[in-house]
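Peer 1: Each residue of the sequence shown is one higher than the one before, counting from 10 in our numbering.
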Amino acid sequence: YDISVEGGASVHALLREIQLHPVSDMPIHVDYQRLAAGHKVHVEVEVRFTGEEVAPGIKRGGVLNIVRHTVDVVVDPANIPEYFTADLSQLDFHDNVRWEDLKGTENVAPVLQDNNFVIANVAPPSVDDDAAEE
């Protein structure tokens, strides 16, 4: 956001927190972080999932386990992505989507040290004990 401050100057800032009134849900306070050129910021970015309807493992009754709906990253303010995309269309039982599989991660570094962490996976359907005996 570009925010006008006292004296007429314009400051580039990132929205950090909104406090809402407990009854009306109207905003009562907003916190911004001033952005300085060349300084990276720590932000949380949403992960959007595509291809669930055609994933072989899900079509055969598997269960999609979403491990992370968002990912904490460090990025230059000019390159903050709106979201990352996780393609689920090729997932079968026991397959994972990892950080390296996400689209939109160019110029972004995850906060986690292990760069190969799991975003989502497909588990096989559980077998009911009664059904297994038949």
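Even for Gly, the Cβ is constructed at its ideal location relative to N, Cα and C. Note that the structure is predicted; figures quoted are calculated from it, not measured.
1. Whole angstroms are fine: how far does the CA of Y10 sit from the CA of G17?
2. Just to confirm the assignment, what range does the beta strand (DSSP E) spanning I67 have?
3. Quick one: give me the first and last residue of the beta strand (DSSP E) that S19 is part of.
4. Using 8 Å as the cut-off, can you tell me whether the region 67-75 makes contact with the region 112-120, which would need three or more C-beta pairs spanning the two stretches below that distance?
5. What's the C-alpha gap between H21 and V84?
6. Should P134 be labelled buried (16 or more other beta-carbon atoms within 10 Å of its own) or exposed?
7. At the level of alpha carbons, what is the spacing between I47 and A132?
8. Under the assumption that E61 contacts T79 (Cβ atoms under 8 Å), give the Cβ distance between them as a whole number of angstroms.
9. What are the residues that DSSP puts in a beta bridge with E53?
10. By Cβ distance, which residues of its chain are closer than 7 Å to K49, with the 5 residues on each side in sequence left out?
11. Go to F102, then tell me how far its beta strand (DSSP E) extends in each direction, as first and last residue.
12. Quick one: using the 10 Å Cβ neighbour count with 16 as the cut-off for buried, is I128 buried or exposed?
13. Out of N130, V120 and L23, which one is the CA nearest neighbour of L44?
Peer 2: Taking the structure as given:
1. The alpha-carbon atoms of G17 and Y10 are separated by roughly 15 Å.
2. Looking at the DSSP string, I67 is not in any beta strand (DSSP E); the run it does join, the alpha helix (DSSP H), is P65 to K68.
3. Start and end: S19 to L29.
4. Short answer: they don't touch.
5. In this structure, the alpha-carbon of H21 lies about 15 Å from that of V84.
6. Under a 10 Å Cβ-count criterion, P134 is classified as exposed, with fewer than 16 other Cβ atoms of the shown protein chains found around its own Cβ.
7. Correcting the residue type first, residue 47 is Gly in the shown sequence and not Ile. In this model, G47 and A132 are separated by some 43 Å (Cα to Cα).
8. Incorrect: roughly 18 Å between the Cβ atoms, too far for contact.
9. Bridge partners of E53: D81.
10. Around K49: V83, V84 and D85.
11. No beta strand (DSSP E) holds F102; DSSP gives it neither H nor E.
12. It counts as buried.
13. When each option's Cα is compared against that of L44, the closest is L23.
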